[in-house]
Amino acid sequence: NPRPKVRFFHNDREIREESKFVKIVTSVDTYSIVIEKARLEHAGYYKVVAEVGSVDSNI
1298 NPRPKVRFFH
1308 NDREIREESK
1318 FVKIVTSVDT
1328 YSIVIEKARL
1338 EHAGYYKVVA
1348 EVGSVDSNI
């Protein structure tokens, strides 16, 4: 089975790996987000999106 592409969002903005205080941690079948030294700016809406392939077709 292919691994999904997993993306995390904070207030509808994608969280990038290079963030100083927010880390995305992956293992074989687990995806987590870790907020180190949480601050007020980390408050808000978080969302995770997992995609396993996609298909496009023209009719």
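What the sequence shown shows, in our numbering, is residues 1298 to 1356, in sequence order. Using N, Cα and C, we set each Cβ at its ideal position, and we do this for glycine too.
Quick one: Cα of V1319 to Cα of N1298, how far? 29 Å
E1348 (DSSP reduced to helix, strand or coil): strand
Check the DSSP bridge columns for F1305 and list the partner residues they point to. V1345
Residue range of the beta strand (DSSP E) that includes I1312: That residue, I1312, is in no beta strand (DSSP E); it is neither H nor E in DSSP.
The beta strand (DSSP E) enclosing P1323, as first and last residue numbers: Per the sequence shown, the amino acid found at residue 1323 is Thr instead of Pro. It spans V1319 to T1323 - the beta strand (DSSP E) in which T1323 sits, taken as one unbroken run.
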